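> The structure is given below, and queries will be raised subsequently.
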Amino acid sequence: MKVFDAHCDALLKLWRNPELTFQSSHHLQVSYQGLKAAGAKIQCFAVFVPDDIVGDARFQAALDMIDLFYEKVVKPYPDIKAVRTKEEIDRLEENEIGVMLTLEGCGPVANDLTRLQTLLRLGVRSVGLTWNYANDLADGVLEERQAGLSNLGIEAVKMLDAEKVWTDVSHLTEAGFWDVMELTDRVIASHSNVKVLCDHPRNLNDHQIQALIKKDAMMGITFVPYFLSERSPVHIKEIIKHIDYVASFGGVRNIGFGSDFDGISETVKGLDSYFGYDLLINELQKHFSEEEVRGFCYENFVERITF
Numbered sequence: 002m003k004v005f006d007a008h009c010d011a012l013l014k015l016w017r018n019p020e021l022t023f024q025s026s027h028h029l030q031v032s033y034q035g036l037k038a039a040g041a042k043i044q045c046f047a048v049f050v051p052d053d054i055v056g057d058a059r060f061q062a063a064l065d066m067i068d069l070f071y072e073k074v075v076k077p078y079p080d081i082k083a084v085r086t087k088e089e090i091d092r093l094e095e096n097e098i099g100v101m102l103t104l105e106g107c108g109p110v111a112n113d114l115t116r117l118q119t120l121l122r123l124g125v126r127s128v129g130l131t132w133n134y135a136n137d138l139a140d141g142v143l144e145e146r147q148a149g150l151s152n153l154g155i156e157a158v159k160m161l162d163a164e165k166v167w168t169d170v171s172h173l174t175e176a177g178f179w180d181v182m183e184l185t186d187r188v189i190a191s192h193s194n195v196k197v198l199c200d201h202p203r204n205l206n207d208h209q210i211q212a213l214i215k216k217d218a219m220m221g222i223t224f225v226p227y228f229l230s231e232r233s234p235v236h237i238k239e240i241i242k243h244i245d246y247v248a249s250f251g252g253v254r255n256i257g258f259g260s261d262f263d264g265i266s267e268t269v270k271g272l273d274s275y276f277g278y279d280l281l282i283n284e285l286q287k288h289f290s291e292e293e294v295r296g297f298c299y300e301n302f303v304e305r306i307t308f
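Residue numbers (this note's numbering): 2 to 308.
See below:
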């Protein structure tokens with residue numbers, strides 16, 4: 002079964018450790034061998050510049066990660082193709098895997114939207130305005146003041162909308178979420194779960210989930226254990242619970258996955274890397290129809306691509 006995964010942080014690990022190879026490194030949860038073994042069809046690679054990088058070095062780090070994407074993820078493998086459009090995805094051959102750039106947080110952009118436009122021209126197709134804290138565009142979920150978008154953030158969302166690029170509301174405050182929902186229909190939550198099932202600031206409440214469904218937007222259920230359950234260890238059944246809950250609002254066609262592989266050190270039992278997708282799919286097939294599982298794994302995200 003084909004897999005569309007809306008979020009991983011493998012580029013950060015490759016950037017942190019130049020000795021790593023994408024081929025099969027045991028230090029990576031997303032690797033070439035894992036993608037091939039688990040039936041990956043589209044994998045999104047986040048450009049995430051951590052907070053310990055400051056000033057103009059942040060934009061340079063983002064450029065370096067994009068260079069790694071093309072040099073280490075795409076170039077060595079004839080069956081890995083960088084994709085930017087729905088048409089390019091549709092043209093993938095049976096044995097080919099599409100890889101797509103996303104931006105997790107606009108810290109590297111600072112207050113210069115020309116930088117954001119540059120990243121779009123380099124292939125970024127989904128943009129989260131912030132990470133967990135504030136930047137020039139918006140507040141993140143852990144920022145104490147819990148504000149929404151700045152004037153620059155509003156301008157950025159309008160730019161993304163004009164470019165038909167997704168605005169990703171994962172990591173935004175609730176106020177920022179509603180600001181984005183007013184500004185664009187090209188919206189996703191790439192890696193967020195259900196707040197009523199696990200009371201974590203990164204999860205979405207019922208009103209937010211219903212609003213995404215009303216826009217026919219996607220919600221990527223993530224494998225971060227502490228977004229799934231307040232108990233430990235966490236098992237795949239917890240993922241099933243979050244899917245069930247979103248589906249109960251009529252959102253069965255709005256559910257996908259955003260694993261956050263390589264952005265997590267703790268993992269769901271049996272889902273410690275991309276190789277675990279097979280086990281997840283087997284469990285999904287016990288609870289949902291074949292059509293629904295194909296939707297969760299791949300079709301729902303692809304059908305809602307706006308670019």
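Heads up, the beta-carbon is just placed ideally off N, CA and C, and yes, glycines get one too. Source: prediction; values computed, not measured.
Quick check: what's the CA-CA separation for PRO109 versus LEU161?
Residue numbering aside, residue 109 sits at position 108 when the sequence shown is read from its first letter. Residue numbering aside, residue 161 sits at position 160 when the sequence shown is read from its first letter. Cα to Cα, PRO109 sits roughly 16 Å from LEU161.
> Which same chain residues end up closer than 7 Å to ALA248 when comparing Cβ atoms and leaving out the 5 residues on each side of it in sequence?
One-based indexing of the sequence shown puts residue 248 at position 247. Closer than 7 Å at Cβ, skipping near neighbours: ILE256.
> What residues in its chain sit with their C-beta under 8 Å from that of LEU96, if we drop five residues either side in the sequence?
For the purposes of this step, residue 96 is taken as the residue at position 95 of the sequence shown. Note that residue 96 is Asn in the sequence shown here, rather than Leu. Within the same chain, ASN96 has close Cβ partners ASP80.
> Apart from the five residues just before and just after ASP137, which ones in its own chain have a Cβ nearer than 7 Å to its Cβ?
The residue labelled residue 137 in the question sits at position 136 within the sequence shown. So the qualifying residues of the chain are ALA111, ASN112, SER151, LEU153.
> Tell me the DSSP secondary structure of ASP140 in three-state form.
Taking the first residue of the sequence shown as 1, we reach residue 140 at position 139. In this structure, ASP140 counts as coil in the three-state DSSP scheme.
> DSSP three-state label for CYS45, please.
Counted from its first residue, the sequence shown places residue 45 at position 44. In the structure shown, CYS45 sits in a strand (DSSP, three-state: E or B).
> How many angstroms separate the CA atom of HIS201 from the CA atom of CYS9?
Position 200 of the sequence shown, counted from the start, is the residue given in the question as residue 201. Position 8 of the sequence shown, counted from the start, is the residue given in the question as residue 9. For HIS201 and CYS9, the distance between alpha carbons rounds to 20 Å.
> In angstroms, rounded to a whole number, what distance separates the CA positions of ASP140 and GLU89?
Here residue 140 refers to the residue found at position 139 of the sequence shown. Here residue 89 refers to the residue found at position 88 of the sequence shown. Taking the straight line joining both Cα atoms gives about 34 Å.
> Give the range of the alpha helix (DSSP H) segment to which ALA157 is assigned.
Residue 157 sits at position 156 when you count from the first residue of the sequence shown. Unbroken alpha helix (DSSP H) run through ALA157: 152-163.
> Would you report the Cα separation of GLY40 and VAL4, rounded to the nearest angstrom?
Taking the first residue of the sequence shown as 1, we reach residue 40 at position 39. Taking the first residue of the sequence shown as 1, we reach residue 4 at position 3. Approximately 6 Å between the Cα atoms of the pair.
> So who's on the other strand from ALA38, going by DSSP bridges?
For this step, residue 38 is matched to residue 37 along the sequence shown. Answer is none; ALA38 lacks a bridge partner.
> Please classify SER191 as buried or exposed, where buried requires at least 16 other C-beta atoms within 10 Å of its C-beta.
As a working mapping, residue 191 is identified with position 190 in the sequence shown. Label assigned to SER191: buried.
> Where DSSP assigns a beta bridge to GLU105, which residues make up the other side?
As a first step, residue 105 is located in the sequence shown; it is residue number 104 there, counting from the start. Looking at the DSSP assignment, GLU105 forms a beta bridge with GLY129.
> Given a threshold of 16 other Cβ atoms within 10 Å of its Cβ, counted over all protein chains shown, does ALA163 qualify as buried or as exposed?
Start at 1 with the first residue of the sequence shown, and residue 163 comes out as number 162. Flag for ALA163 reads exposed.
> Report yes if the CB atom of THR86 is closer than 8 Å to the CB atom of CYS107, and no otherwise.
Looking up residue 86 in the sequence shown gives position 85. Looking up residue 107 in the sequence shown gives position 106. Contact flag unset, no.
> In chain order, what residues of the same chain lie with their CB nearer than 8 Å to the CB of THR174, ignoring the 5 residues before and after it?
Position 173 of the sequence shown, counting from 1, holds the residue named residue 174. Answer for THR174: ALA139, ASP140, GLY141, VAL142, GLU144, GLN147, ALA148, GLY149, listed in chain order.
> With DSSP run on the structure shown, which of helix, strand or coil describes VAL166?
Translated into the one-based positions of the sequence shown, residue 166 becomes position 165. Residue state, collapsed to three classes: coil.
> For GLN286, which residues in the same chain have their Cβ closer than 7 Å to its Cβ, ignoring the five residues on either side in sequence?
Position 285 of the sequence shown, counting from 1, holds the residue named residue 286. For GLN286, where only same-chain residues beyond five positions count, the Cβ hits under 7 Å are VAL294.
> Got a sec? Which residues, its chain only, sit under 6 Å from GLY35 by beta carbon, not counting five neighbours each side?
Taking the sequence shown and counting its residues from 1, the one referred to as residue 35 is at position 34. SER274, TYR275, PHE276.
> Give me the DSSP bridge partner(s) of LEU229.
Here residue 229 is taken as the residue at index 228 of the sequence shown, counted from 1. The partner list for LEU229 (beta bridge, DSSP) is empty, contrary to what the question assumes.
> Tell me which residues share the same chain as HIS288 and place their Cβ nearer than 6 Å to its Cβ, disregarding the 5 neighbours each side in the sequence.
Position 287 of the sequence shown holds residue 288. Cβ within range, chain order: ILE241.
> Between which two residues does the alpha helix (DSSP H) carrying ASP6 extend?
In the sequence shown, the residue the question calls residue 6 occupies position 5. That residue, ASP6, is in no alpha helix (DSSP H); its beta strand (DSSP E) goes 4-6.
> Beta-carbon separation of PHE70 and LEU93 under 8 Å?
Residue numbering aside, residue 70 sits at position 69 when the sequence shown is read from its first letter. Residue numbering aside, residue 93 sits at position 92 when the sequence shown is read from its first letter. Contact flag unset, no.
> If I measure Cβ to Cβ from LYS216 and keep anything under 8 Å in the same chain, skipping five residues before and after, which residues do I get?
Reading the sequence shown from its first residue, position 215 is the one you call residue 216. For LYS216, the CB contacts under 8 Å within the same chain, skipping 5 residues up- and downstream, are MET182, ASP186, VAL188 in chain order.
> Check the C-beta distance from ASP169 over to GLY129 and give it rounded, since I have them as a contact under 8 Å.
Here residue 169 refers to the residue found at position 168 when the sequence shown is read from its first residue. Here residue 129 refers to the residue found at position 128 when the sequence shown is read from its first residue. Between GLY129 and ASP169 the Cβ distance is about 4 Å, and since that is below 8 Å, they are a contact.
> Taking the alpha carbon of GLY252 as the point to measure from, which residue in ASP57, GLU156, ASP207, ALA63 has its own alpha carbon closest?
By 1-based counting over the sequence shown, the position of residue 252 is 251. When each option's Cα is compared against that of GLY252, the closest is ASP207.
> Tell me the rounded alpha-carbon separation between ASN204 and PHE228.
The residue labelled residue 204 in the question sits at position 203 within the sequence shown. The residue labelled residue 228 in the question sits at position 227 within the sequence shown. Taking the straight line from one Cα to the other gives about 7 Å.
> Can you check DSSP and say which residues form a bridge with LYS82?
The sequence position of residue 82 within the sequence shown is 81, counting from 1. Answer by DSSP bridge pairing, in chain order: GLY99.
> My assumption, with CB atoms under 8 Å, is that CYS45 sits in contact with ASP91. Please give the rounded CB distance.
Here residue 45 refers to the residue found at position 44 of the sequence shown. Here residue 91 refers to the residue found at position 90 of the sequence shown. The Cβ separation is near 17 Å, so there is no contact.
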